[in-house]
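The UniProt record's numbering numbers the first residue of the sequence shown as 1 and each following residue consecutively. Quick reminder that beta carbons are idealized off the backbone N, C-alpha and C, glycines included.
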Amino acid sequence: MARYQLLYFPLRGRGQATRYLFIDKGIVYEEINTGNNWVEDFKPKMPFGQAPLLKDLENGFEIAQSNSMIRYLGRKEGLYPEDIKEAAKVDMICDHIEDIRGPYVRMIYQNYENGKDDFVKSLEEKLQYIEKLFKAWGTDYIASKISFADYNLLDLLDDLVISSATCLDAFPTLKAYYDRMASRPALKKYRESEEFKKMPVNGNGKQ
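This is the structure we're talking about:
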C-alpha cells in the first residue's frame with residue numbers, strides 16, 4: 001500500500017530527487033501525472049500554483065516545494081542527520097545545489113541557445129567547492145551515512161553530466177561520489193529501466 005503520493009509532470013525536473021529517495025529506500029508511493037488537465041484539475045489545488053506536491057497518505061499532510069518535500073521525507077524517514085554538524089553539512093550542500101540549479105533552469109528555459117556554453121564554463125568554479133569539501137570531510141556520502149541531500153545532489157549531477165559529459169573529469173572525489181550513488185543497487189536498476197531512460201529531463205525537451 002502506498003505511503004505517499006507524488007503529484008508531478010511526467011519528467012525528471014523537480015520531482016526526480018524525491019523519486020530517487022523513494023526507490024532507493026524501498027518506500028511504496030503512487031505517482032499522479034499532473035500533465036493531464038493541469039490548469040483545470042491540479043493547479044487550483046496546489047498551495048503555490050505549481051508542481052510537484054507530496055501527499056503523506058499516513059497523516060493527510062500535503063507539502064509543496066521540492067526542497068521542503070525532500071527535507072520532510074528526510075526527517076520522517078530517518079534520512080536527516082541528528083548531529084548538528086552533520087545536519088549543517090547536508091543543508092550547506094543543498095543550498096549550494098540551488099546556487100547551481102537556479103542558473104541551470106534559467107539557461108534551459110530562457111537562454112538555451114546563447115547561454116549554454118557560459119553555463120557549462122561556470123561549472124568549474126561551482127563544482128570545485130564541493131570537491132574541496134568532500135575531500136576534507138572524507139565520507140562516502142555528504143554526511144557519515146546517506147541522507148536526503150544525497151538524492152538531491154545525484155539529481156543535480158545527472159543534469160550537469162547530460163549538459164556536459166566531461167564536467168566532473170577534473171573532480172575525482174566528486175566523480176567517485178556520483179558513481180557510488182548511481183551504482184546503489186535499487187538506483188542502478190531503476191536508472192537502467194526504460195521508464196527512466198525515456199523520461200524527459202526538462203519540460204521543454206532541452207538538456
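Would you give the residue range spanned by the alpha helix (DSSP H) that residue i belongs to?
i: Ala64; result: Here Ala64 belongs to no alpha helix (DSSP H); instead the beta strand (DSSP E) covers 62–64.
i: Leu168; result: From DSSP, Leu168 is part of no alpha helix (DSSP H); its letter is neither H nor E.
i: Asp24; result: 16–25
i: Lys197; result: 194–198
i: Ala2; result: That residue, Ala2, is in no alpha helix (DSSP H); it is neither H nor E in DSSP.
i: Pro185; result: 185–191
Where do the N-terminal and C-terminal ends of the beta strand (DSSP E) with residue i fall, by residue?
i: Lys55; result: 53–56
i: Glu30; result: 29–33
Thinking C-beta only, is residue j closer than 7 Å to residue i?
i: Met46; j: Leu53; result: yes
i: Gln5; j: Ile32; result: yes
i: Thr173; j: Lys126; result: no
i: Ala149; j: Ile93; result: yes
i: Leu156; j: Ile108; result: no
i: Met69; j: Thr18; result: yes
i: Cys167; j: Leu123; result: yes
i: Arg101; j: Ser66; result: no
i: Leu11; j: Gly203; result: yes
i: Val28; j: Ala2; result: yes
i: Glu113; j: Phe171; result: no
i: Gln207; j: Ile162; result: yes
Which residues does DSSP pair with residue i in a beta bridge?
i: Tyr8; result: Asn33
Can you round the beta-carbon distance between residue i and residue j to whole angstroms, since I take them to be within the 8 Å contact cut?
i: Phe9; j: Ala51; result: 6 Å
i: Tyr72; j: Leu187; result: That pair is no contact at about 21 Å.
i: Val201; j: Asp159; result: 6 Å
i: Ser147; j: Leu57; result: Not really, about 23 Å apart at Cβ, beyond 8 Å.
i: Ser164; j: Val120; result: 5 Å
i: Arg180; j: Asp140; result: 6 Å
i: Glu77; j: Lys25; result: 6 Å
7 Å is my cut-off, CB to CB: does residue i come that close to chain B?
i: Ile27; result: Among the chains in the structure shown there is no chain B, since it carries only a single protein chain.
Give the list of continuous alpha helix (DSSP H) stretches no shorter than 4 residues that lie fully inside the segment 79–122. 84–110, all fully within the segment 79–122.
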